[in-house]
Amino acid sequence: MNVSTNINEALLKAVQMLVKAHNQGFIDQRSVSMIILVSDGDPTVGEIKLSTIQKNIKRAMRQDFSLFSLGIGFDVDFDFLERIAMENRGVAQRIYANHDASEQLKTFYSQVSSPLLRKITIQFPEDSVTDVTQNQFDKFFKGSELVVAGKLKPSGSTTLQSFTTASAATIDLNIETEADLQELDALLSQHQHSFAGFARQMWAYITVNQLLAERSVAPTAAKKRKITQRLLALSVEHQFVTPVTALLVESEDGPERLLADSPRDPRQGCCPGAIPSKTVHVYSTPPSVQPPWAPLSATQIPSQARGEKPAVTVVENDPHFIVNLPKNNMDICFNIDSKPGHILNLVSDRGTGIAINGQLVSGKKIKNNKLNTYFGTISIYAKEVGLNIVVSTSRIDLMEGKNNHSFSWGATANLILKRSIVSIEKESKLTVTIDGKISVMVLLHRVWKKHPFNVDFLGFYTPSTNQYSSQVHGLIGQFSNEPSIKVYDLHEGTEPEKKQATMEVKGNKLTVTRGKQKDYRWDKKQGSDVYCWFVHNSGKGFIDGHYTSYIVPNLDSFLPPV
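First residue of the sequence shown: 30, per my numbering; consecutive thereafter.
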């Protein structure tokens, strides 16, 4: 039986199918489209000139499409498959027919079946780094890694910044990292497996492999010779064996010349590229990033654009609630004295599908005859948007639909989702804006690890301008429908510096005390004083019902309908 091979027609047909599907809207514009060519021989029918096929495919492929080539056996022109793959944002791999080909195909598919990011760019300030290796990548697959290396310019700076942009299925990422060079050096010195000049050799290894890739698709002989000369220089300087160099082994039986590009044992697989002179282990650590996005933007809070501090509702410390009531032009404070482990509902709005809850943790031990409690976890659940963010003092988990992401407080990132924006500022705060209408901020408070009483905890801030529905409730949410308040009969209290008064609210007469609480948005160490009328007994008479009615079973729970 004669089997013909028409590589040119097969690839052009595949491209046409993808273009048609994209034009008709069958494929999500943010998806990753790939063509996988599997061939066991050279073309025998149709267009058989390899250079013409290469030009045809490159002309037909879109920038958003990628070509991956699999060459089965040794009858195939693997160099050609490698060239057309690399020219079209893909890679080539050889499949050995006599060594469980199906398992090799499964392994390859597992590597490319889960693209996580696309259009990735990693940049450094021009005055800090030279000779940067490849810093633009078409895709990032699950289980793979991206490594960018360069040479630091001499300077007095002890930090190195980088800027990363990328796109995912539903997220646009803008990440700014800042690494402490002295800390990195100290960390590297702790690992006995590493060797002197590790970073320098890694840069050379990546550069050599990139030059080999460029050489394979060089358009002219002159260009290929120029790349070869640079390859030779780098290989000799850094002692790498490559397909353009040779290895001379000296033994008692005399010198033996080994060519680097001689066929390797198929049982060992085939991994084209440079062979490093030493085995190294590479460790990656979470990036430390800093977004340019302001937590409470001027478009949402105009007063902030004028340099004023927008009115917000605050939950801090024990936890202390500071409720801003703009119509009454006053702030009301109260504490919630619940138990560790309890989950308190802050906002429950079935109309917009928003539920915000906080779980309490306790201090280390009793202070002034009281065991203080704090918010150790805060959950922001937007049901209609398909977004759930769980913030603790150790990490941030973000779930959007079927996509799960996890961040440490050591990383700063700016995430642009379909209907929301999430900003994480390193060791500081997280800000979420949903549909441009609802904005919340969670502030991280770190305490001295050996503090005798306090533990790390979270503060919660939300502007009074949030646009909830008429169904909103919760310890904070209920005050979106601002009650009428009257304060009178100002008189001396039990403490000379704290005045007392009578407050009429919701048909109740309450004795309130004039005091102050802290707003830590602008000064995390000292905080800003907020003067307020303090309602005693866990807000009794000011909040609807008893505070225990705001205890919910889960972090994503809504309150029962009112």
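Ideal placement from N, C-alpha and C gives every residue a C-beta, glycine not left out.
Keep in mind the model is a prediction, meaning the values are calculated, not measured.
- Taking residue 37 as the centre and dropping the five residues before and after it, the same chain places the C-beta of 72, 75, 76, 82, 85 closer than 7 Å to its C-beta, in chain order.
- If you draw a 10 Å sphere on the C-beta of residue 217, you find fewer than 16 other C-beta atoms in it, and that means exposed.
- Here the C-alpha atom of residue 583 lies approximately 9 Å from the C-alpha atom of residue 371.
- The three-state secondary structure of residue 254, taken from DSSP, is helix.
- Its Cα nearest to that of residue 502, the residue 578 stands out among 578, 165, 558.
- Residue 574 is classed as exposed because its beta carbon has fewer than 16 other beta carbons within 10 Å across all chains shown.
- Residue 201 is positioned such that its CB atom lies no closer than 8 Å to that of residue 418.
- Annotation: the region 174-250 contains the following complete segments of the alpha helix (DSSP H) (minimum length 4 residues), in chain order: 210-218, 227-245.
- 495 is the residue among 448, 352, 495 whose C-alpha sits nearest the C-alpha of residue 466.
- The beta carbon of residue 435 sits closer than 8 Å to those of 424, 425, 426, 427, all from its chain and outside the five residues before and after it, given in chain order.
- Pairwise C-beta distances place the region 58-72 in contact with the region 183-200, as three or more of them are shorter than 8 Å.
- Within its own chain, the residues whose Cβ lies closer than 7 Å to the Cβ of residue 184, once the five positions on either side in sequence are excluded, are 157, listed in chain order.
- Here the region 185-192 makes contact with the region 203-214; the two share three or more CB pairs at distances below 8 Å.
- Under DSSP, residue 530 shares a beta bridge with 541.
- Contact annotation: the region 165-178 does not touch the region 397-415, with fewer than three C-beta pairs closer than 8 Å.
- The criterion of a C-beta distance shorter than 8 Å is not satisfied by residue 109 and residue 122.
- Cβ contact annotation for residue 126 (same chain, cutoff 6 Å, sequence separation greater than five): 101, 102, in chain order.
- Note on geometry: alpha-carbon atoms of residue 112 and residue 442 lie some 36 Å from one another.
- In the displayed model, residue 78 falls within coil according to three-state DSSP, outside both helix and strand.
- At a Cβ-Cβ threshold of 8 Å, residue 458 and residue 470 count as neighbours.
- For residue 419, the beta-bridge partners assigned by DSSP are 408, 426.
- Distance check between residue 353 and each of 40, 590, 491, 486 places 491 closest, using alpha-carbon atoms only.
- Residue burial annotation: residue 250 is exposed, with fewer than 16 other C-beta atoms found within 10 angstroms of its C-beta.
- Taking the CA atoms as reference points, residue 248 sits about 10 Å from residue 80.
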